[in-house]
Amino acid sequence: MAEIHLKGLAHSYSSNPKSSADYAIHEMEHVWHQGGAYALLGPSGCGKSTLLNIISGLIKPSHGSVLFDGVEVNEVTTQDRNIAQVFQFPVIYDSMTVYDNLAFPLRNMKIDKDKIDSKVKEVANTLDLTDILQRKASNLSADAKQKISMGRGLVRDDVSAILFDEPLTVIDPNLKWKLRRQLKQIHERYNITMVYVTHDQLEASTFADKIALMYQGKIVQFGTPRELFENPNHTFVGYFIGSPGMNFLSVEKHQSEGSVQFSFDGITLPLEANQRALLSNSSSKNLKVGIRPEFIQLSAIEHPDSLPCQVIHTEDLGTYKIVTVLMGQQELKIRLGEEQQSPLKTAYATFPSQWMKIYIDEYLVATESGDTRDE
Amino acid sequence: MNKVQNNKAWWLVLPVFLLVAFSAVIPLMTVVNYSVQDIFDQNNAYFVGLEWYQEVLSDPRLQDSLARQFMYSGTVLLIEVPLGICVALMMPTRGWTASLSLIVLALPLLIPWNVVGTIWQIFARSDIGLLGYVINNLGIDYNYTSNSVDAWATVLLMDVWHWTSLIALLCYSGLRAIPDAYYQAARIDRASSWAIFRFIQLPKLQGVLIIGVLLRFMDSFMIYTEPFVLTGGGPGNSTTFLSQTLTKMAIGQFDIGPAAAFSIIYFLIVLLVSWLFFTTITHLDKDKVKEQSHD
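Chains V and H, in that order, are what the protein sequence lines are. The working numbering puts the first residue of the first sequence at 1417, with every later residue one more than the last. The working numbering puts the first residue of the second sequence at 16, with every later residue one more than the last.
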């Protein structure tokens, strides 16, 4: 059982890093608490696997340190870290039976036979592997093999954390949710810290209590799936989370009727006074307003504060529709419920001000005390 | 179900059939033909049935060389396979040393058989050869031309020098094909180096080792040139292996009938032993398939 603290951690694969581009992981400060179910989410190549391998000790970080329960483990080998890791492709010992595979880590620790037997059977039971315990592991299906890989982590009593590196990549879609649910159950039962690397936001949000979103070697946001959805604190989070991602409008300052207003392509956004104040106080030219496709209301009739737009096309995805509209020169995505009719040509969009988020230099600027940047 | 049979497809197999017929079946049948006849001249050939086979099988010369041959091939495999695996495990995996070791290992494989024989014939001579000279100066009486144990050791050493590279290179490629995740998982499971070898590397090498063992068995079982150049089969008959006995019979004495029968027996032994090797090594896989079909 352990709390994993990444302290001033950074990593570069080059021996002599010069620019920030040489770093796979930028300096970060992060804590995975004991017993949490975490997801490490991000696009390919953002450094999430590197980070995972640093925690398990397969890679030695070039800067900073990894602490387990406050003890630095940089120099501790993988073998002695009490970490289990499940890889993208199932790793099983081909020549052994399922039973021997599960017993393997315990046998390496020279634990006595009876204890091994009871532990293996318990884990096999949790993972629904009991029926195939005596089978050769090499001829099983990918999901059974992946369960064996997980099982080898679970049999050990001393495991303080299980790290998953995109473990469901090779699993059939209809089995994915089943395995994910099993993982969840295991987490509740064993109270082990679990870190789950994925590039799939659905996988991340169904598995994890808290998601760390990684982008270009940094954890840009760490929060619950809801926080990431409602208050993305970086434009990348807004773009990456949600389907489709957040709409971003680059705005410019101008004077109109004695007050400062913000507009794009000559269209003035109906922002609240405090939102306008935030934007006016910034000296940056990189000003953006973001709004989720879910929160834009679309109507065929003009309302007060609504803005006219042209419907380009509508995609009906069964349970919801995605409408693409053109406002000024800007394309916006709007998500409508199944029952809502999409206007055919000219439409009017309303932007509720509480869902309009202000981004200066790509980072969210909080408007109220409730919105905080999770750093 | 209505299955349409198109027998024209057989014509497409014909070229392969002809090729195999001319390259393998017809020459083999010629040998079979010789082996069941006693031929005096072009017009006097008598069918003798299995007589030649009986004669050859009860010939002590053949029995001796067959025993020697099995001992030789067995020893070759027992030395070269473990040694080749060890070499492959110790080879560097990246950088210029990796390329260098690959080149160095490949060198013996590029040398023609009779040249290998000549190299060792001189290298191991006790008067002018470096190896023979050094061994004798260490106080060991070594002379492969007069002592049959020395001759054996030299022929074996020569084969090990010539062919261990093959096993090593095959294993090296097999080892490189193992994904890193296996080693990482083993580290996480706290496997010892021996366990990593036993449960990851060795099972993953099974495929290349089957090829390696079969190639080395067949090659060593048919060895001719090197001992012929090195010792001429001597001293006495101590390094006379099957193929040399056969050549003496067929060309030296022109006993075509017995030699043909011998060839057939020789061929069948190679075939049988190779088949035995193959089925034993792949035995486990077959079991697995059966097991699966039960479910």
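Yeah, the Cβ is synthetic: ideal placement off N, Cα and C, and Gly gets one too.
Secondary structure of residue 1739(V) (DSSP, three-state): strand. Nearest CB-CB separation between residue 193(H) and chain V: not below the 8 Å threshold. Runs of the beta strand (DSSP E) spanning 3 or more residues and lying entirely within the region 26–107 of chain H occur at 52–56, 59–62, in chain order.
At least one beta carbon of chain V lies nearer than 8 Å to the beta carbon of residue 205(H).
According to DSSP, residue pairing for residue 1629(V) in a beta bridge involves 1457(V), 1637(V). Following the DSSP letters along the chain, one finds residue 128(H) inside the alpha helix (DSSP H) bounded by residues 128–138.
Within the region 1491–1512 of chain V, contact with chain H at the beta-carbon level (separation under 7 Å) is assigned to 1494, 1495, 1499, 1500, 1501, 1503, 1505, 1507, 1509, 1510, 1511, 1512.
Relative to residue 1651(V), the option among 1637(V), 1497(V), 1676(V) whose CA is nearest is 1637(V).
In the DSSP assignment, residue 19(H) falls outside any beta strand (DSSP E) and carries neither an H nor an E.
Counted as a single uninterrupted DSSP element, the beta strand (DSSP E) harbouring residue 1448(V) occupies residues 1439–1448. DSSP places residue 1723(V) in the strand class (E or B) of the three-state scheme. Comparing alpha-carbon positions, the option among 24(H), 131(H), 114(H) lying closest to residue 243(H) turns out to be 131(H).
In the three-state reduction of the DSSP assignment, residue 1746(V) falls in the strand class, which pools E and B. In the DSSP secondary-structure assignment, residue 1776(V) is bridged to 1703(V), 1779(V). Taking the Cα of residue 1584(V) as reference, the smallest distance to any Cα among 1506(V), 1715(V), 1549(V), 1621(V) is reached at 1506(V). Boundaries of the beta strand (DSSP E) harbouring residue 1663(V): 1663–1666, taken from the DSSP string. In this structure, residue 1425(V) and residue 1475(V) do not form a Cβ contact; the two beta carbons are roughly 11 Å apart against a cut-off of 8 Å. Among the residues facing chain H, residue 1599(V) is not included, as its CB has no counterpart in that chain under 8 Å away. Residue environment for residue 1716(V): exposed (fewer than 16 other C-beta atoms within 10 angstroms of its C-beta).
Rounded to the nearest angstrom, the Cβ distance from residue 185(H) to residue 227(H) is 5 Å, consistent with a contact under 8 Å. Taking 8 Å as the CB threshold, residue 1525(V) lines the interface with chain H. Counting along the chain, residue 159(H) sits inside no alpha helix (DSSP H), nor does DSSP assign it H or E at all. Residues of the same chain with a CB within less than 7 Å of the CB of residue 232(H), apart from the 5 flanking positions on each side, are 88, 92, 288, 289, 292 in chain order. The Cβ-Cβ distance between residue 1442(V) and residue 1737(V) does not fall below 8 Å.
For residue 212(H), there are no C-beta contacts with chain V under 9 Å, since the nearest C-beta of that chain is about 12 Å from it. The C-alpha of residue 217(H) is placed about 11 Å away from the C-alpha of residue 101(H).
Here residue 1615(V) carries a coil assignment [DSSP, helix/strand/coil]. Sixteen is the threshold: when 16 or more other Cβ atoms of the shown chains lie within 10 Å of the Cβ of residue 1649(V), as they do, the residue is buried. Around the C-beta of residue 1670(V), fewer than 16 other C-beta atoms lie within 10 Å, and the residue is accordingly described as exposed. Of the candidates 55(H), 187(H), 59(H), 187(H) places its Cα closest to the Cα of residue 113(H).
For the pair of segments examined, the region 1736–1752 of chain V was found not to touch the region 35–42 of chain H: the number of CB pairs separated by less than 8 Å stays below three. Of all C-beta pairs linking the region 1530–1550 of chain V to the region 1507–1519 of chain V, three or more are shorter than 8 Å, placing the two stretches in contact.
Boundaries cannot be given for residue 110(H), as no alpha helix (DSSP H) includes it and DSSP labels it neither H nor E.
In terms of beta-carbon proximity, residue 1472(V) lines the interface with chain H, with at least one pair separated by less than 8 Å.
Excluding residues up to 5 positions away in sequence, 1455, 1457, 1614, 1627 lie with their Cβ nearer than 6 Å to the Cβ of residue 1620(V) in the same chain.
If the five residues before and after residue 1502(V) are omitted, its C-beta is found closer than 8 Å to the C-beta atoms of 1562, 1565, 1566, 1569, 1578, 1579, 1580, 1581, 1583, all from its own chain and listed in chain order.
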